[in-house]
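As given, the protein sequences belong to chains S and V, one line each in that order.
Residue numbering for the first sequence follows this note's numbering, starting at 1 and increasing by one per position.
Residue numbering for the second sequence follows this note's numbering, starting at 1001 and increasing by one per position.
Protein chains: 2
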Amino acid sequence: MVQQGEGGQRVRLSRDRVLQAAVALADEIGIEAVSMRRLAQEVGVVPMALYKHVANKEELLDGMVDLLVAEIDPPARDAGWKRAVRLRVLSARRALLRHPWARPVLESRVNKTPAVLGYMDSFIGMFLAGGFSVDLTHHVMHALGSRMWGFTQELFQEPAPSAAEPPPAPPPEAMAAMLEQMAAVYPNVARVAMASAHDEGSVVGPGCDDQFEFEFALDLLLDGFERLHAQGWSSRS
Amino acid sequence: MVQQGEGGQRVRLSRDRVLQAAVALADEIGIEAVSMRRLAQEVGVVPMALYKHVANKEELLDGMVDLLVAEIDPPARDAGWKRAVRLRVLSARRALLRHPWARPVLESRVNKTPAVLGYMDSFIGMFLAGGFSVDLTHHVMHALGSRMWGFTQELFQEPAPSAAEPPPAPPPEAMAAMLEQMAAVYPNVARVAMASAHDEGSVVGPGCDDQFEFEFALDLLLDGFERLHAQGWSSRS
DNA sequence: AACCTAGGTGTACGGCGTACACTTGTCAAG
DNA sequence: CTTGACAAGTGTACGCCGTACACCTAGGTT
């Protein structure tokens, strides 16, 4: 995977090539396995060479987020605030699903880059353009929270696909016993887990449609926003 | 801080003492500074000694979460589902605010301990007891997402209080210039930031009431849930 | 031809989690 | 009181990590 020119001569590194490579690598092996050393190896260079292009690992991660943000569609024009917000969030979500590393990285970021601020700015702009008061817009952005980025803290997230293979699935009869025991100790969890599993034929496993859940909550919030907006809600009241 | 008995003799370690110490240490120095080595030093023992009480660092973090969960109040009795859920979430939030390390740790957890499952089970139970269908309960739990734990992904989280002191605040006139420039590039961000800052007299900084934002979004969701419940909503429709 | 400098190298340091072989302290049975 | 077993604590070591710092080197400018 070492990047080389025709005659074996090195291709010059650049900040952009470093960031692109980092994104590709994280897509491939997972963010927790991306180290400066591993990335350097990937671009065919000694680890310290990377530091000529990014100040440190934090800045590398910031740069990766910037690349992600660039994948999110701009706001739809003439669509009405609600539809525009919905479309954009779903676009963000698509970008996020293409890059599984992005969620934890976004969560960990503390300093906002210009690209991130730009995204937030234009996001806020959609509400303001829709006639929302500055006040309501503010609270509504908080209410959206991470949904602005196309994700929510998942209740049950399946363990990340890692190089280490998971323990072998227990045999079906043991599984049934486990389920029974589970139902005894956590009856409520069992009830909703069973119900959603039933609907799709899968006995266990996620058994619920991530995208559906996401849109369910998103629409619930958007409908709430609409109601508040219509009744001229303000935070001093 | 080495734990010793009267005559200087060691106090026996135990899993519980390890976990308690880990929580206290994380409260004090921040979770990112808690290492097995640092924790061992805190309890007056060599690092490897900890492994006689927890299998590895992951299990240590799981144990810390369990301690946190134990701080959350049980569901209120005879309060109606909405009030019960609201009270409980706010109790979780209080626990979370006492332990700033908990949010990132909760986010990173992948295997649910019995204590966590127990919390979720009784949480789900509040909706079922309120007459919610299993189906609606399922989606409603997803909609709550991390709010069940008393937090949401923050839009602007202030940098964690770390040992390293932050760069000195720029002089006020430079600040004004920065704000002006910011307003030019990110007009919408500037508008909502200004407005919320204005209300509280603080020129900049968070300038918005975390608790208020949290309750705003929580109530928006709960009201949405109520509406769906009242109209007998079901996911197949 | 001489020089400058941006980009790439090599070595090293202090941290991390934890495997593995060991000593030590405690307590129950003989 | 002795003994021996087992749990608790120790010491050393390995392979990772991010990155400071001094150095070399290839290209382009003068």
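Built from N, CA and C at the ideal position, the CB exists for glycine as well.
Keep in mind the model is a prediction, meaning the values are calculated, not measured.
So that I know if they touch, is there some Cβ in chain V lying closer than 9 Å to that of SER234 (chain S)?
So no, SER234 (chain S) is outside the interface.
Considering just the uninterrupted stretch of the alpha helix (DSSP H) at SER1237 (chain V), what are its terminal residues?
Premise fails: SER1237 (chain V) is in no alpha helix (DSSP H) and is neither H nor E.
Measuring alpha carbon to alpha carbon, tell me which residue in V:VAL1105, V:VAL1043, V:ALA1040 is nearest VAL1069 (chain V).
Of the candidates V:VAL1105, V:VAL1043, V:ALA1040, the residue whose Cα lies closest to the Cα of VAL1069 (chain V) is V:VAL1105.
Is the shortest distance between the beta-carbon of ASP73 (chain S) and the beta-carbons of chain V less than 9 Å?
The C-beta of ASP73 (chain S) comes no closer than 9 Å to any C-beta of chain V.
In chain V, what lies closer than 7 Å to THR113 (chain S) by C-beta?
What THR113 (chain S) touches in chain V: nothing, since even the nearest Cβ is about 12 Å away.
Straight-line Cα distance separating GLY125 (chain S) from TYR1186 (chain V)
Taken atom to atom, the span from the alpha-carbon of TYR1186 (chain V) to that of GLY125 (chain S) is near 10 Å.
For ILE1031 (chain V), I'd like the list of residues in its chain whose CB is within less than 7 Å of its CB, leaving aside the five on either flank, ordered along the chain.
Closer than 7 Å at Cβ, skipping near neighbours: TRP1101, PRO1104, VAL1105.
Indicate whether LYS1212 (chain V) and SER235 (chain S) have their beta-carbon atoms separated by less than 9 Å.
A small correction: the amino acid at residue 1212 (chain V) is Phe; Lys does not occupy that position in the sequence shown. The answer is yes: Cβ separation under 9 Å.
Beta-carbon contacts of ARG15 (chain S) that lie in its chain and below 8 Å, excluding the five residues immediately before and after:
Excluding residues within five positions, the ones whose Cβ falls inside 8 Å are HIS53, VAL54, GLY63.
Counting only beta-carbon separations shorter than 9 Å, does VAL1185 (chain V) have a partner in chain S?
Cβ-Cβ to chain S under 9 Å: yes for VAL1185 (chain V).
Run through chain V and tell me which residues come within less than 7 Å of MET175 (chain S), C-beta to C-beta.
Neighbours of MET175 (chain S) on chain V: none; closest Cβ ~17 Å, over 7 Å.
Using beta carbons (cut-off 9 Å, strictly below), is LEU1221 (chain V) in contact with chain S?
Nearest CB-CB separation between LEU1221 (chain V) and chain S: below the 9 Å threshold.
Which residue comes first and which comes last in the alpha helix (DSSP H) that contains VAL229 (chain S)?
A small fix is needed here, since residue 229 (chain S) is His in this sequence, not Val. Per DSSP, HIS229 (chain S) belongs to the alpha helix (DSSP H) from 210-230.
Give me the Cα-Cα distance between ARG17 (chain S) and ASP73 (chain S), rounded to the nearest whole angstrom.
Rounded to whole angstroms, the gap between the alpha carbons of ARG17 (chain S) and ASP73 (chain S) is 23 Å.
Should ALA238 (chain S) and ALA1143 (chain V) be called a contact, given that it needs their Cβ atoms to be closer than 9 Å?
The structure shown does not extend to residue 238 (chain S), since chain S is modelled only from 1 through 237, so no value can be given for it.
Cβ neighbours of ALA1076 (chain V) in the same chain (closer than 6 Å, five flanking residues each side left out)
The answer, listed in chain order, is ALA1084, LEU1087.
Taking the alpha helix (DSSP H) that MET182 (chain S) falls in, what are its first and last residues?
172-185 is the extent of the alpha helix (DSSP H) around MET182 (chain S).
Taking only three categories from DSSP, how would you classify HIS1142 (chain V)?
DSSP places HIS1142 (chain V) in the helix class (H, G or I) of the three-state scheme.
Contact list for the region 1138-1151 of chain V against chain S, Cβ threshold 9 Å:
Only HIS1138, HIS1139, VAL1140, MET1141, HIS1142, ALA1143, LEU1144, GLY1145, SER1146, ARG1147, MET1148, TRP1149, PHE1151 from the region 1138-1151 of chain V bring a Cβ to less than 9 Å from some Cβ of chain S.
Residue environment, LEU1019 (chain V), which counts as buried when at least 16 other CB atoms sit within 10 Å
So LEU1019 (chain V) counts as buried.
Tell whether a beta-carbon distance below 9 Å holds between LEU99 (chain S) and VAL34 (chain S).
The amino acid at residue 99 (chain S) is misidentified as Leu; the sequence shows His. No; because the gap between Cβ atoms is not below 9 Å, this pair is not in contact.
ALA1190 (chain V) to LEU1179 (chain V) span [Cα, whole Å]
If you take the alpha carbons of ALA1190 (chain V) and LEU1179 (chain V), they lie about 8 Å apart.
Where does ASN188 (chain S) sit, in a helix, a strand or coil, going by DSSP?
Collapsing the DSSP output to three states places ASN188 (chain S) in a helix.
How is GLY1030 (chain V) classed by DSSP in three states: helix, strand or coil?
It is coil, neither helix nor strand.
In the DSSP assignment, find the alpha helix (DSSP H) that holds MET1036 (chain V) and state where it starts and stops.
Residues 1036-1043.
Can you tell me the Cα-Cα spacing of THR137 (chain S) and VAL1192 (chain V), whole angstroms?
Roughly 7 Å between the two C-alpha positions.
ALA1197 (chain V) versus ASP135 (chain S): straight-line alpha-carbon distance, rounded:
It is roughly 11 Å from the alpha-carbon of ALA1197 (chain V) to the alpha-carbon of ASP135 (chain S).
Among S:PHE127, S:MET141, S:GLU28, S:MET148, whose alpha-carbon lies nearest the alpha-carbon of ASP78 (chain S)?
Considering only alpha carbons, the answer is S:PHE127.
Quick one: what does DSSP say LEU1013 (chain V) is sitting in, helix, strand or coil?
Three-state result, LEU1013 (chain V): coil.
Mapping DSSP to helix, strand and coil, what is HIS198 (chain S)?
Note: HIS198 (chain S) maps to helix in three-state DSSP.
Do LEU1050 (chain V) and LEU1013 (chain V) come within 9 Å of each other at the CB atom, strictly closer than that value?
LEU1013 (chain V) is a Cβ neighbour of LEU1050 (chain V), given a cutoff of 9 Å.
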